[in-house]
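Okay, structure first, notes after.
Residue numbers (our numbering), protein chains in the order written: chain D, 2 to 116; chain W, 7 to 142.
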């Protein structure tokens, strides 16, 4: 069984990915990468990652967030983060990546930021 | 109940989860709390992943050896691989602005951030040992 479930929703031209589970070395990171690459291939480059259901992330998962961010930016798009748990916030703070990602606590605010 | 647990695993990614589960069970059985267990779990996963990926380079003929010890100071963990070793000083600082967008290189930062002591040594018969301590 995979460590992560990724559910895709569309809100206007923003694609929301609801992540549930672990984003860790191996399947979790690969699943996220595959999904992001597919969306970019479909021309969907406004992406909001909802991490509210992510109970655990390791350095490989953090690295995958960064890779996703740069891949989306390279395609002229924007990737933002929604509903960080306290632990994920702590990890992003330690790595100074809170200075890189736009993060939001609620979905309406996140969606309106794309306009 | 033994104060030490030793496990030896193949150099595959699945070993990361196996060691983490064993560490969780070991730490809980000795009364460590959730915050400490979270730190231990993160450090174990990062160190075993490093041993599998960068140490043994996924060579399944090379083992990853892990020891947990419940000591007077706290929970001590040693992870050994049989690779060519490395110098921690050569690892770029992942928080340096020029490295912020790199995909790799944050594992050691996490180990140092969440554990009270982290040190590396190169045994004479090869490989690399990382020793970590989390105080109670």
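Backbone N, C-alpha and C fix where the C-beta goes; we use that ideal spot for every residue, glycine too.
Within 10 angstroms of the Cβ of residue i, are there 16 or more other Cβ atoms? Answer buried if so, exposed if not.
i: residue 2/D; result: A caution first: residue 2/D carries a pLDDT of 44, below 50, which makes its placement in the model too unreliable to give a value.
i: residue 128/W; result: exposed
i: residue 70/D; result: buried
i: residue 62/W; result: buried
i: residue 74/D; result: exposed
i: residue 64/W; result: exposed
i: residue 100/W; result: buried
i: residue 12/W; result: exposed
i: residue 65/D; result: buried
i: residue 1/D; result: No statement about residue 1/D is possible, as the shown extent of chain D runs from 2 to 116 and does not include it.
i: residue 45/W; result: buried
i: residue 122/W; result: exposed
i: residue 25/D; result: buried
i: residue 18/D; result: buried
i: residue 134/W; result: buried
i: residue 55/D; result: buried
Identify whether residue i lies in helix, strand or coil by the three-state DSSP scheme.
i: residue 110/D; result: helix
i: residue 118/W; result: helix
i: residue 108/W; result: coil
i: residue 2/D; result: Because residue 2/D carries a pLDDT of 44, less than 50, the predicted location of this residue cannot be relied on, and no value is offered for it.
i: residue 41/W; result: helix
i: residue 35/D; result: helix
i: residue 11/W; result: strand
i: residue 70/D; result: helix
i: residue 136/W; result: strand
i: residue 70/W; result: strand
i: residue 75/W; result: strand
i: residue 84/D; result: coil
i: residue 160/W; result: Absent from the model: residue 160/W. The displayed extent of chain W is 7 to 142, so no value can be given.
i: residue 131/W; result: coil
Can you tell me which residues form a DSSP beta bridge with residue i?
i: residue 79/D; result: 47/D
i: residue 88/W; result: The partner list for residue 88/W (beta bridge, DSSP) is empty, contrary to what the question assumes.
i: residue 57/D; result: 23/D
i: residue 80/W; result: 141/W
i: residue 8/D; result: 19/D
i: residue 16/W; result: 69/W
i: residue 105/D; result: 83/D
In chain D, which residues lie with their C-beta within 7 angstroms of the C-beta of residue i?
i: residue 2/W; result: Coverage of chain W is limited to positions 7 through 142, which leaves residue 2/W absent and any answer about it impossible.
i: residue 112/W; result: 60, 63, 64, 96
i: residue 119/W; result: 95
Which residues of chain D have a Cβ atom closer than 9 angstroms to the Cβ of residue i, listed in chain order?
i: residue 116/W; result: 59, 60, 63, 92, 95, 96
i: residue 86/W; result: Residues of chain D passing the Cβ test: none, with the nearest at roughly 19 angstroms.
Name, please, each residue of chain D whose Cβ falls closer than 8 angstroms to the Cβ of residue i.
i: residue 34/W; result: The contacting residues do not exist; residue 34/W stays about 16 angstroms from chain D at best.
i: residue 52/W; result: 59, 60
i: residue 48/W; result: 59
What does residue i touch in chain W if you count any residue whose Cβ is under 9 angstroms from its own?
i: residue 71/D; result: 107, 109
i: residue 79/D; result: Here the premise fails: no neighbours, minimum Cβ distance about 15 angstroms.
Give the residues of chain W in contact with residue i, contact being defined as C-beta atoms less than 7 angstroms apart.
i: residue 27/D; result: 19
i: residue 31/D; result: Result: empty, since nearest Cβ-Cβ is about 10 angstroms, beyond 7 angstroms.
Under 8 angstroms Cβ-Cβ, which residues of chain W neighbour residue i?
i: residue 101/D; result: 106, 107
i: residue 55/D; result: In chain order: nothing, as chain W lies at least about 14 angstroms away.
> Mind listing which residues of the region 14–27 of chain W have their C-beta closer than 7 angstroms to chain D's C-betas, in chain order?
Replying inline: Along the region 14–27 of chain W, the positions whose C-beta sits under 7 angstroms from a C-beta of chain D are 19, 22, read in chain order.
> What are the residues of the region 88–102 of chain W that lie near chain D, defined by any Cβ-Cβ distance shorter than 7 angstroms?
Replying inline: Under the 7 angstroms Cβ criterion, the region 88–102 of chain W contributes 100, 101.
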